[in-house]
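If you read the sequences in order, they're chains A and B.
Everything in the first sequence is counted per this note's numbering, starting at 774 for the first residue and increasing by one.
Everything in the second sequence is counted per this note's numbering, starting at 67 for the first residue and increasing by one.
For reference, the structure is listed below as structure tokens.
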Amino acid sequence: MAQEYSYVRTEMLPEQEPPSNAVGALVWVRENLFSGPLNTILTLASLAAVWWILSHLSGWFLNSVWQAGSLAECREILDGATGACFAVITDRWEQLLYGFYPSDAYWRPNLALLLMLVALAPVLFPGVPRKLFWFSAIYPALAFWLLWGGSIWPPLVVLAAFPLGFIAYRLVEPINGILATLAALAAPILWWFLLAGPVGGVLAGILPGTLEPVASDLFGGFMLSIIIGVTGIALSLPLGILLALGRQSDLIFLKTICVGFIEFIRGVPLITLLFTASLLLNYFLPPGTNFDIILRVVIMVTFFAAAYMAEVIRGGLAALPRGQYEAADALGLDYWKAQRLIILPQALKISIPGIVNTFIGLFKDTTLVVFIGLLDPIGLSNAIRATTEWNGVYWELFVFIGLCFFIFCFGMSRYSMYLERRLKTDHR
Amino acid sequence: MTEPQPHEYEREIDRSHMQVTDEVAIEITSMNKWYGSFHVLRDINMSVNRGERIVICGPSGSGKSTLIRCINRLEEHQSGRIVVDGTELTSDLKNIDKVRSEVGMVFQHFNLFPHLTILENCTLAPIWVRKIPKKDAEETAMHFLEKVKIPEQALKYPGQLSGGQQQRVAIARSLCMRPRIMLFDEPTSALDPEMIKEVLDTMIELAEEGMTMLCVTHEMGFAQAVANRVIFMDQGQIVEQNEPKAFFNNPQSDRTKLFLSQILGH
Ligand SMILES: Nc1ncnc2c1ncn2[C@@H]1O[C@H](COP(=O)(O)OP(=O)(O)OP(=O)(O)O)[C@@H](O)[C@H]1O
Ligand SMILES: [Mg+2]
């Protein structure tokens, strides 16, 4: 007998509410916290751990003292109870932020920070008017002038090398592509070594625009961390890109240099590089050259981060299918255009988590400069502790410094997630 | 043996503009290519006149892709000459750029740029290579997107389109450079059957307008309908070439017969 399976539905079913055992808070608790014996044990253990930590720390935080002139005064106020003495931060926050920067000139780093946010806006967010990029382009010179003072012309003249290089490239490009690249490299170098000095001097004579100079050894605190961190971040990304491209190049000489650089820098602890910056460079440089210590540190930190960056970006480049290169070639795009328009946008997008990872590492590594005598926040915490008033304060300073670093790094992390979401076009 | 019967293409083809001229578009003489020590292309001689529509077929690994990729220098040949539109392909980058901007290429896997919209995919090369103002480039792009029948997708990203639509965008993207020669490397072999037809239709329209085309494809219906010459390759060599009718109905070499019997399913 053939089975009867012919069936036609005659009326459609209406939509119904889910049963009460599938929704609601209790269900959530049961499914997420107590869904089995092992999970129940883990939940209870975690609760116990959180309770233990909170009960030990809460007293310290809740009893904290914010107004006192010294640690002894703090202890007096606390009168034997456990409690934090955050008064050290209210007392010394200016030092923690600016180091020994002259206090009547605090407006200069403040303004520089504010302008930095303006300069960063067009780089970070798409809605900002594109014209602001011009401001971003001159910002480095402006910030240098605000922070270090002196005449505004030398930093502007140094910066002028970049448009010069571009113009040189454009002029030579019709003749030969490789020659043009060389010209683009040679023009800025010639400018810096031969013309920048005299031109800057002449311009400074015509229109001084001077601020009171501030020496590098007065810089400190979070200002120093931000200067080193932001400059390192801004420089290490392009350098890392160039190194990654160089490593992929067919030109064997270039490739060897890039591989050698990356492997050497990655294989050496950052602290060694910093000591090199602070001590050894003096032996190599001609006697009498005054090569700013912050600049030296920035260079070393940049090199260090760039080597890591190059490897992160190389991973992104390797993840792109060959077809993307071929399509770009087949359309007649030359190497740089293909890189800029097709390859790098995609490779960098893939590498965002790794790039931001490197940025965060770099920013936290700026605290290592304490070992070569620069007064970053950690260095200042030592200096503050060395005073008679605050001798013996440890945790409060470290909690504060740690919190500040955390805010910066967490911000970068959130931004990178936002960026990944914004750039997501693959719809997989 | 039973005579293979390639299926007829269903649409009526307008042949009024399909004229083969005397002007030589591509000239390849005694060309050889090696991958390491593997001799992948052996003594290739062929000449393509303007307006020709050539289908290249052959078993897998016979060097079909390598041959057409040599024509726009995605692959480098080691001996012999390749002259495209009067420009010889040498290591001179100027010549290579010139040839590439004259020759469009469509790939098996589309190779659209996933981070750019369809419109941006189509305007990128005209703007950056041909230096056409953005507005004009967009106009041209919309014109060709209309031609491949997907203007409404212009602002989407490649990932949002079906395979057939992506391949048509890839064709439009090439056409936006106003190429004089089009190369196709198995443009339909990554597609589902119902999408193959829409891509082939686009290619037939292109042929009807008199475009010089070289297609690596196993779509024998397409070859029958528009090709004026079929080239059969095996082991890096051109084994047989003929006009489609003679090629399919009366193949000469045993290799061709074997290949045709396999591909036409007898
Ligand atoms: N980059 C390469 N390096 C070494 N060998 C290669 C390379 N590319 C292709 N080959 C080899 O060259 C031969 C020809 O390859 P080609 O891609 O031209 O074949 P094809 O005719 O297009 O085959 P298919 O129909 O599978 O696409 C094959 O044997 C292949 O393995
Ligand atoms: Mg192939």
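Idealized CB from N, CA, C, for every residue including glycine.
Note that the coordinates shown come from a computational prediction; the quantities given were computed from them, not determined experimentally.
Notebook entry, point to check: Which residues, in chain order, does the stretch 134-154 of chain B contribute to contact with chain A at a C-beta distance below 7 Å?
Noted result: Asn138, Leu140
Check: Looking at the C-beta of Thr1131 (chain A), does it have a partner C-beta in chain B at a distance below 8 Å?
Finding: Numbered from its first residue, the first sequence carries residue 1131 (chain A) at position 358. Not closer than 8 Å to any Cβ of chain B, the Cβ of Thr1131 (chain A) fails to qualify, so no.
Margin query: Which residues in chain A have a C-beta closer than 8 Å to the C-beta of Trp194 (chain B)? List them in chain order.
Written below: To locate residue 194 (chain B), count along the second sequence from 1; it is residue 128. Those within 8 Å of Trp194 (chain B) in chain A are Leu1106, Lys1110, Leu1114.
Next item on the list: Would you identify the three-state DSSP class for Leu330 (chain B), choosing helix, strand or coil?
Entry: Locating residue 330 (chain B) in the second sequence gives position 264, where the first residue counts as 1. Correct three-state label for Leu330 (chain B): coil.
Notebook entry, point to check: How many Å lie between Leu835 (chain A) and Leu817 (chain A) at the Cα?
Noted result: Stepping through the first sequence from its first residue, residue 835 (chain A) is reached at position 62. Stepping through the first sequence from its first residue, residue 817 (chain A) is reached at position 44. Taking the straight line from one Cα to the other gives about 26 Å.
Next item on the list: For the stretch 860-878 of chain A and the stretch 1162-1178 of chain A, state whether three or more C-beta atom pairs, one from each stretch, are separated by less than 8 Å.
Entry: yes
Next item on the list: At 9 Å on the CB atoms, spell out the chain B contacts of Gly872 (chain A), in chain order.
Entry: For the purposes of this step, residue 872 (chain A) is taken as residue 99 along the first sequence, with counting starting at 1. Simply none; closest approach about 43 Å.
Check: Exposed or buried, which one is Val1070 (chain A) when buried takes at least 16 other CB atoms within 10 Å?
Finding: The residue you call residue 1070 (chain A) lines up with position 297 of the first sequence. So Val1070 (chain A) counts as buried.
Margin query: Please return the same chain residues whose Cβ sits closer than 7 Å to the Cβ of Ala1206 (chain A), not counting the five positions on each side in sequence.
Written below: Residue 1206 (chain A) falls outside the range modelled here, since chain A spans only 774 to 1201, and no answer is possible.
Notebook entry, point to check: How long is the line joining the alpha carbons of Ser819 (chain A) and Met1190 (chain A), rounded to whole angstroms?
Noted result: Residue 819 (chain A) sits at position 46 when you count from the first residue of the first sequence. Residue 1190 (chain A) sits at position 417 when you count from the first residue of the first sequence. If you take the alpha carbons of Ser819 (chain A) and Met1190 (chain A), they lie about 28 Å apart.
Next item on the list: Say whether chain A places a C-beta atom closer than 8 Å to the C-beta of Asn177 (chain B).
Entry: Looking up residue 177 (chain B) in the second sequence gives position 111. Interface residue, yes.
Check: Name the residues in the stretch 931-955 of chain A whose C-beta lies less than 8 Å from a C-beta of chain B; which are they?
Finding: Those residues of the stretch 931-955 of chain A that come within reach of chain B (Cβ to Cβ, closer than 8 Å) are Gly950.
Check: What's the gap between the Cα of Leu844 (chain A) and the Cα of Leu1170 (chain A)?
Finding: Start at 1 with the first residue of the first sequence, and residue 844 (chain A) comes out as number 71. Start at 1 with the first residue of the first sequence, and residue 1170 (chain A) comes out as number 397. Taking the straight line joining both Cα atoms gives about 12 Å.
Note to self: I need the residues with a C-beta less than 5 Å from some heavy atom of ligand 1; please give them in chain order.
What the structure shows: B:Tyr101, B:Val106, B:Ser126, B:Gly127, B:Ser128, B:Gly129, B:Lys130, B:Ser131, B:Thr132
Next item on the list: Could you list which residues in chain B have their beta carbon closer than 9 Å to that of Ala1120 (chain A), in chain order?
Entry: In the first sequence, the residue the question calls residue 1120 (chain A) occupies position 347. Contact annotation for Ala1120 (chain A) against chain B: no contact, minimum CB-CB distance about 10 Å [criterion: below 9 Å].
Notebook entry, point to check: Can the beta-carbon of Ala914 (chain A) be found closer than 8 Å to that of Leu905 (chain A)?
Noted result: Counting from one through the first sequence, the residue named residue 914 (chain A) turns up at place 141. Counting from one through the first sequence, the residue named residue 905 (chain A) turns up at place 132. In this structure, Leu905 (chain A) does not lie closer than 8 Å to Ala914 (chain A) by Cβ.
Check: In whole angstroms, what separates the C-alpha of Ile329 (chain B) from that of Pro947 (chain A)?
Finding: One-based indexing of the second sequence puts residue 329 (chain B) at position 263. One-based indexing of the first sequence puts residue 947 (chain A) at position 174. Going from the Cα of Ile329 (chain B) to the Cα of Pro947 (chain A) covers about 50 Å.
Notebook entry, point to check: Arg903 (chain A) to Tyr874 (chain A), Cα distance in whole Å?
Noted result: Residue 903 (chain A) sits at position 130 when you count from the first residue of the first sequence. Residue 874 (chain A) sits at position 101 when you count from the first residue of the first sequence. Approximately 34 Å between the Cα atoms of the pair.
Item checked: chain A contact for Met171 (chain B) (CB, 8 Å cutoff) -> Against the second sequence, residue 171 (chain B) aligns to sequence position 105. Yes, its Cβ sits closer than 8 Å to a Cβ of chain A.
Check: If you pair each beta-carbon of the stretch 154-173 of chain B with each one of the stretch 1068-1083 of chain A, do three or more pairs fall below 8 Å?
Finding: no
Margin query: Distance check for Ile262 (chain B) and Gly1088 (chain A), CA to CA, integer angstroms please.
Written below: By one-based count along the first sequence, residue 1088 (chain A) stands at place 315. By one-based count along the second sequence, residue 262 (chain B) stands at place 196. Gly1088 (chain A) and Ile262 (chain B): Cα-Cα distance of roughly 35 Å.
Next item on the list: Tell me whether Ala854 (chain A) sits in a helix, a strand or coil according to DSSP, three-state version.
Entry: Translated into the one-based positions of the first sequence, residue 854 (chain A) becomes position 81. Looking at Ala854 (chain A) - three-state DSSP - the assignment turns out to be coil, as it is neither helix nor strand.
Margin query: Using C-beta distances below 8 Å, list every residue in its chain close to Ile304 (chain B), excluding the 5 sequence neighbours before and after it, in chain order.
Written below: In the second sequence, the residue the question calls residue 304 (chain B) occupies position 238. Only Ile110, Asn111, Met112, Ile297, Phe298 meet the Cβ criterion.
Next item on the list: Between the Cα of Glu78 (chain B) and those of B:Gly229, B:Gln219, B:Phe288, B:Glu252, spot the shortest distance and give me the residue it belongs to.
Entry: Locating residue 78 (chain B) in the second sequence gives position 12, where the first residue counts as 1. Out of B:Gly229, B:Gln219, B:Phe288, B:Glu252, B:Phe288 has the C-alpha closest to the C-alpha of Glu78 (chain B).
Margin query: I'd like to know whether the C-beta of Asp1102 (chain A) is nearer than 8 Å to at least one C-beta of chain B.
Written below: Along the first sequence, read from residue 1 onward, the residue named residue 1102 (chain A) stands at position 329. Taking Cβ atoms only, chain B reaches closer than 8 Å to Asp1102 (chain A), which makes this a yes.
Notebook entry, point to check: Gln1119 (chain A) by DSSP, collapsed to three states: which one?
Noted result: Working through the first sequence from its first residue, we reach residue 1119 (chain A) at position 346. Correct three-state label for Gln1119 (chain A): helix.
Next item on the list: State buried or exposed for Ala916 (chain A), treating a residue as buried only when at least 16 other CB atoms are found within 10 Å of its CB.
Entry: Here the question's residue 916 (chain A) lines up with position 143 in the first sequence. That one is buried.
Check: In chain B, which residues lie with their C-beta within 9 Å of the C-beta of Gln738 (chain A)?
Finding: Residue 738 (chain A) cannot be examined here, being either before or after the span of chain A that is shown, 774 to 1201.
Item checked: Neighbour list for Pro253 (chain B) in chain A, Cβ cutoff strictly below 7 Å -> Here residue 253 (chain B) corresponds to residue number 187 of the second sequence, with the count starting at 1. Simply none; closest approach about 13 Å.
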